[in-house]
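K.L.:
Below are the structure tokens for one structure; questions will follow.
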Amino acid sequence: VITCHACGTDLMDRWANHINGAMRLIELRGSKQLETPAGLELFSQIRIQIAISNIFYKRYSSQIMIQLSKVARTYHDRKSQVTDSFYDIITRVGDLSAMISDSVPNSSSSNPALFIQKALHLDADLVAWAMSIDPTWHYTVVKASPVSINDDGQIYHNIYGDTYHMYRTLGLASLWNNYRLIRIMLRKIIGSTCKSKLKQGYCPETRSTIAQGIIIIQQMAEGVCASVPYHFASDEIAVGGLMRLIWPLFVASDCIESEPKMKKWILQTLDRIGYTTGIQQAFMMSKLARAGDSYSVTQELYKEDKMG
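Under our numbering, the sequence shown has 13 at position 13, and the numbering climbs by one with no breaks.
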């Protein structure tokens, strides 16, 4: 248990240091980096990871990054501005996470009902964003159930359930998985805050919100699983593509809402990514998820603190 916790803490610290270093470099480069297609693409990818890390670590968004994003928007074509709108929502989720973390118990800054309302509005914004996306950015749901055999002779099903998703590009697959990842994180924030509100008295509406969140988290986790076959089948995707799967898979497995069958499949998939690519992070995430209650990233990040 101590070993798993130490490894998990070290992994999270290294990830945080990597993200912070990338953010500082982007801020130093300023708007000039946005003048080339390569610089604009790199900025657009990294800023999403920075915004996601802000949710994890309950930090407010960098104003420099927000200003650079406004400049980047002027270089994007109309279709690419879909990612700008997505980024705007993620930054608001991160700011809400930081606001909840900064709230003082039993004071005017601690208002679970208000936090829940804001979070539900953000979740609705995410749904509206997904529904507004151009059809060319959508994915195809395919019915199938192939089976393959692992090197150790054990049966491994390439597909969780009886459907999987096909995407036009790796970028779109990552975009949709980030959407699912954010909704899982946001719904866990809502669930944690609802539990704090229930301590103040029974509320059927709050319990209904928790129940709805469980269903949504399950749906988002299933969506992440459904994206896996594409990453293994596409000729476009190599190590970098499979690496983008690791965090969404881990967060999907690291939820109490995930079914045991799903969690087992995700762990097998993380191991498969590790064996296929040699990426040690995949093995580490699988190890952390298997450790269960000894170390849980999402439970640690969204534990009921400061509002009890």
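For every residue, glycine included, the Cβ atom is placed at its ideal position computed from N, Cα and C. Note that this is a predicted model, so its numbers are computed, not measured.
Got a sec? Which residues, its chain only, sit under 7 Å from ARG92 by beta carbon, not counting five neighbours each side?
P.N.:
If you number the sequence shown from 1, residue 92 lands on position 92. Here the set comprises LEU122.
K.L.:
Can the beta-carbon of TYR179 be found less than 8 Å from the beta-carbon of TYR139?
P.N.:
Indexing the sequence shown from 1 puts residue 179 at position 179. Indexing the sequence shown from 1 puts residue 139 at position 139. No, these two residues do not count as a Cβ contact at 8 Å.
K.L.:
Which of the three DSSP states, helix, strand or coil, is assigned to LYS199?
P.N.:
Walking along the sequence shown from the start, residue 199 turns up at place 199. Coil.
K.L.:
Confirm, please, whether the CB-CB distance from GLU259 to GLY161 is below 8 Å.
P.N.:
On the sequence shown, residue 161 is found 161 positions in, with the first residue counted as 1. On the sequence shown, residue 259 is found 259 positions in, with the first residue counted as 1. Contact flag unset, no.
K.L.:
Expressed to the nearest angstrom, what Euclidean distance is found between the alpha-carbon atoms of VAL251 and ILE216?
P.N.:
Within the sequence shown, numbered from 1, the residue matching residue 251 stands at position 251. Within the sequence shown, numbered from 1, the residue matching residue 216 stands at position 216. When rounded, the distance between both Cα atoms is 14 Å.
K.L.:
Mapping DSSP to helix, strand and coil, what is HIS18?
P.N.:
As a position in the sequence shown, residue 18 is number 18, starting the count at 1. The answer is helix: DSSP assigns HIS18 an H, G or I state.
K.L.:
If you drop the 5 nearest sequence neighbours on each side, which residues of the same chain put their C-beta closer than 8 Å to that of ILE116?
P.N.:
Mapped onto the sequence shown, residue 116 falls at position 116. Closer than 8 Å at the Cβ level, and outside the excluded window around ILE116, lie ILE190, THR193, CYS194, LYS197, THR206 and THR209.
K.L.:
At the level of alpha carbons, what is the spacing between ASP84 and VAL127?
P.N.:
By one-based count along the sequence shown, residue 84 stands at place 84. By one-based count along the sequence shown, residue 127 stands at place 127. Rounded to the nearest angstrom, the two C-alpha atoms are 15 Å apart.
K.L.:
Can you give me the start and stop residues for the alpha helix (DSSP H) that TYR87 sits inside?
P.N.:
Taking the sequence shown and counting its residues from 1, one reaches residue 87 at position 87. Residues 81-102.
K.L.:
Please name the residue or residues paired with THR140 in a DSSP beta bridge.
P.N.:
Numbered from 1 along the sequence shown, position 140 holds the residue referred to as residue 140. For THR140, which the question treats as bridged, DSSP gives the partners MET166.
K.L.:
Rounding to the nearest angstrom, what Cα-Cα distance links ASN150 and SER132 in this structure?
P.N.:
In the sequence shown, the residue the question calls residue 150 occupies position 150. In the sequence shown, the residue the question calls residue 132 occupies position 132. The predicted model places ASN150 with a pLDDT of 45, which falls under 50 and marks its position as unreliable; any figure quoted below should be read in that light. When rounded, the distance between both Cα atoms is 40 Å.
K.L.:
Would a C-beta distance cut-off of 8 Å place ILE52 and ILE90 closer than the cut-off?
P.N.:
Taking the first residue of the sequence shown as 1, we reach residue 52 at position 52. Taking the first residue of the sequence shown as 1, we reach residue 90 at position 90. Yes, they are a contact pair.
K.L.:
Taking the CB atoms as reference points, tell me whether ASN54 and GLY21 lie closer together than 8 Å.
P.N.:
Here residue 54 refers to the residue found at position 54 of the sequence shown. Here residue 21 refers to the residue found at position 21 of the sequence shown. Taking 8 Å as the Cβ cut-off, ASN54 and GLY21 do not qualify as a contacting pair.
K.L.:
Could you check what DSSP says for HIS157 in three-state terms: helix, strand or coil?
P.N.:
Within the sequence shown, the letter at position 157 stands for residue 157. Strand, per DSSP.
K.L.:
Which one of LEU120, LEU245, LYS143 and SER253 has the shortest CA to CA distance from GLN212?
P.N.:
By one-based count along the sequence shown, residue 212 stands at place 212. Measuring from the Cα of GLN212, the nearest candidate turns out to be LEU120.
K.L.:
Select from ALA226, SER286, THR169 and LEU181 the residue whose C-alpha is nearest the C-alpha of TRP137.
P.N.:
Reading the sequence shown from its first residue, position 137 is the one you call residue 137. Taking only the C-alpha atoms, the option nearest TRP137 is THR169.
K.L.:
Whole alpha helix (DSSP H) runs in the segment 176-248 with 4 or more residues, listed along the chain?
P.N.:
Segments of the alpha helix (DSSP H) lying fully in the segment 176-248: 204-233.
K.L.:
Around the Cβ of VAL224, are there at least 16 other Cβ atoms within 10 angstroms (buried) or fewer (exposed)?
P.N.:
Working through the sequence shown from its first residue, we reach residue 224 at position 224. Result: buried.
K.L.:
Once the 5 residues before and after VAL71 are set aside, which same chain residues still bring their CB inside 8 Å of it?
P.N.:
Taking the first residue of the sequence shown as position 1, residue 71 is located at position 71. Counting only Cβ-Cβ distances below 8 Å, and skipping sequence neighbours, we find SER31 and LEU34.
K.L.:
For ASP152, count neighbouring Cβ atoms within 10 angstroms of its own Cβ and tell me buried if that reaches 16, exposed if not.
P.N.:
On the sequence shown, residue 152 is found 152 positions in, with the first residue counted as 1. For ASP152, the pLDDT reaches just 49, beneath the cut-off of 50, and the residue's location in the model is therefore unreliable, leaving the point undetermined.
K.L.:
Buried or exposed for GLY240, please, with buried defined as at least 16 other CB atoms from any protein chain shown within 10 angstroms of its CB.
P.N.:
Numbered from its first residue, the sequence shown carries residue 240 at position 240. Per the 10 Å Cβ criterion, exposed.
K.L.:
How about CYS225: is its C-beta nearer than 8 Å to some C-beta of chain D?
P.N.:
The chain inventory of the structure shown lacks chain D, comprising one protein chain alone.
K.L.:
Inspect the beta-carbon positions of ARG47 and MET65 and report whether they are closer than 8 Å.
P.N.:
Residue 47 sits at position 47 when you count from the first residue of the sequence shown. Residue 65 sits at position 65 when you count from the first residue of the sequence shown. Against a cut-off of 8 Å, the Cβ pair of MET65 and ARG47 comes out as a contact.
K.L.:
Does the separation of the CB atoms of ARG183 and MET220 fall below 8 Å?
P.N.:
Within the sequence shown, numbered from 1, the residue matching residue 183 stands at position 183. Within the sequence shown, numbered from 1, the residue matching residue 220 stands at position 220. Contact: yes.
K.L.:
Go to ILE273, then tell me how far its alpha helix (DSSP H) extends in each direction, as first and last residue.
P.N.:
As a working mapping, residue 273 is identified with position 273 in the sequence shown. Segment 260-277, the alpha helix (DSSP H) holding ILE273.
K.L.:
Is ARG59 helix, strand or coil by DSSP?
P.N.:
Indexing the sequence shown from 1 puts residue 59 at position 59. Three-state result, ARG59: coil.
K.L.:
Give the straight-line distance between the Cα atoms of GLN281 and ILE246, rounded to the nearest whole angstrom.
P.N.:
The residue given as residue 281 occupies position 281 in the sequence shown. The residue given as residue 246 occupies position 246 in the sequence shown. Between GLN281 and ILE246, the C-alpha separation is close to 8 Å.
K.L.:
Please report how far the alpha carbon of GLN49 lies from the alpha carbon of ALA130, in whole angstroms.
P.N.:
Position 49 of the sequence shown holds residue 49. Position 130 of the sequence shown holds residue 130. So the alpha carbons of these two residues sit roughly 19 Å apart.
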